[in-house]
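All remarks here apply to the structure that follows.
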Amino acid sequence: MTRALGRLALRALTPIVSILGLWYLAILLSGLPAFVIPRPERVVGTLVADRSFITVHLIATLKAAALGFLLSNVVGIGLAVLFLALPLGRLVVMPVAITLRNVPYVALVTVLVLALGDTLGSKVTIVVLAGFFPVLVNTYRGLQAADPVVLDRVRVLDARAWEVFLHVRLPYALPYIVSAQEITGSGSIIVAIAAEWMMSSTGLGYVINRAMQQYRGDQVYAVALLAALLSFAIYSVVHVAGERLDWQGTVHRR
């Protein structure tokens, strides 16, 4: 247990120390003014001093990111199950999904603002459009990855389609789904902030936009640091949870 905690602490501290080292090196070598590259201690001080203001907008960002993340999974997993049950659906829907995935977000944001205005719904929609595709692709691959031998055995036992899905295909797909969560979960924060930066009057993206107009480089870096820490925390939680779960062992025990 102690060794595991030590390894976890080392994994967490290594990127922090590396980033701080590169940060100070950039300040030393670039010669840029403090409002362009503020010192780390000033950024942390700004984060503490402006915590009330930042917290209000952090809540708005977390709300958009959480709802978008949830709906990304509903849409992505739902479409993957549909593709498994109706292969024709994959031929019809997948080209549309790929097209939406490749439309520039700036264009999507413009259309959504015109259609929905500066609302929570428009931000959530952007997060969903950015996040559902990795969930869809990974889930479908996972559902297709079930062991053919196990599938044959349960079919010999006259298992119903929903039983095959629940007890065989889904457990095999879960590692793939967890892998998608690492991408979508951590990315939802960044996408929500990007959407707010382009169109919103609330959220961390708005704070960054406002700070840039006021030449508050320290506040821009403070919000960026907060966003990076949140994304890293979400990724780490999902990754550790995925490593501790023995999904395919569950299949064989059943």
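Remember, the numbering used here sits 1139 above the position in the sequence shown when you count from 1.
Glycine residues also receive a C-beta, built at the ideal position from the N, C-alpha and C atoms.
Beta-carbon proximity of residue i to residue j, cut-off 9 Å
| i | j | result |
| --- | --- | --- |
| THR1264 | GLY1207 | yes |
| VAL1182 | VAL1274 | no |
| GLY1326 | THR1200 | no |
| ARG1292 | LEU1223 | no |
| ILE1193 | VAL1346 | yes |
| VAL1330 | ALA1269 | yes |
| ALA1334 | VAL1276 | no |
| GLY1356 | PRO1177 | yes |
| ALA1173 | LEU1259 | no |
| ALA1366 | ILE1332 | yes |
| ALA1344 | TYR1311 | Looking at the sequence itself, residue 1344 is Gly, so the reference to Ala does not match. No, Cβ-Cβ distance for GLY1344 and TYR1311 is not below 9 Å. |
| GLU1321 | VAL1250 | no |
| VAL1186 | LEU1364 | The question names Val, yet the displayed sequence has Leu at residue 1186. Cβ distance < 9 Å, so LEU1186 and LEU1364 count as in contact. |
| ILE1155 | ILE1216 | no |
Buried or exposed (CB count within 10 angstroms, at least 16 for buried), residue i
| i | result |
| --- | --- |
| ARG1394 | Shown here, the chain extends from 1140 to 1393; a query on residue 1394 therefore has no answer. |
| PHE1271 | buried |
| GLU1302 | exposed |
| ILE1198 | exposed |
| ASP1286 | exposed |
| GLN1353 | exposed |
| GLY1160 | exposed |
| VAL1242 | exposed |
| HIS1391 | Annotation note: pLDDT 47 at HIS1391 (below 50); position unreliable, no value reported. |
| ILE1158 | exposed |
| ALA1165 | exposed |
| ALA1254 | exposed |
| SER1211 | buried |
Simplified DSSP assignment, three categories, for residue i
| i | result |
| --- | --- |
| PHE1174 | coil |
| VAL1390 | Unreliable positioning characterises VAL1390 in this predicted model, as indicated by a pLDDT of 48, which lies under 50. The coordinate reading is nonetheless provided below. Correct three-state label for VAL1390: helix. |
| THR1264 | helix |
| THR1153 | helix |
| LEU1225 | coil |
| PRO1273 | helix |
| LEU1247 | helix |
| GLY1217 | helix |
| VAL1182 | helix |
| ALA1236 | helix |
| LEU1343 | helix |
| LEU1129 | Any property of residue 1129 remains undetermined from this structure, which presents the chain solely from 1140 to 1393. |
| ALA1188 | helix |
| GLY1207 | helix |
| GLY1281 | helix |
| VAL1242 | coil |
| GLY1160 | helix |
Short CB-CB distance (under 9 Å) between residue i and chain B
| i | result |
| --- | --- |
| SER1339 | The chain labelled as chain B is not found in the depicted structure, where only one protein chain is given. |
Closest Cα partner of residue i within the set the options
| i | options | result |
| --- | --- | --- |
| GLU1382 | PRO1314, GLN1358, MET1351 and VAL1346 | PRO1314 |
| GLY1184 | ALA1361, SER1375, LEU1369 and ALA1372 | ALA1361 |
| VAL1221 | LEU1255, ASN1241, ILE1158 and PHE1304 | Here residue 1221 turns out to be Leu, not Val, going by the sequence shown. Per the Cα distances, PHE1304. |
| SER1318 | LEU1364, GLN1283, SER1375 and LEU1268 | SER1375 |
| LEU1369 | ALA1284, ALA1205, ARG1292 and TRP1162 | ALA1205 |
| ALA1219 | ALA1363, ILE1373, ALA1284 and GLU1321 | ALA1284 |
| GLY1256 | MET1337, ARG1294 and PRO1177 | MET1337 |
| HIS1196 | ARG1355, ILE1373, LEU1384 and SER1339 | SER1339 |
| VAL1267 | TYR1244, GLY1344, LEU1164 and VAL1289 | TYR1244 |
| LEU1209 | LEU1230, GLU1180, ARG1229 and ILE1328 | ILE1328 |
Which ranges does the alpha helix (DSSP H) cover as unbroken runs of at least 4 residues, wholly within the region 1346 to 1386, from first to last along the chain? The region 1346 to 1386 contains these whole alpha helix (DSSP H) runs: 1356 to 1383.
Scan the region 1298 to 1325 and note each continuous beta strand (DSSP E) run of 3 residues or more that stays entirely inside, going in chain order. Within the region 1298 to 1325, complete beta strand (DSSP E) segments of at least 3 residues are not found at all.
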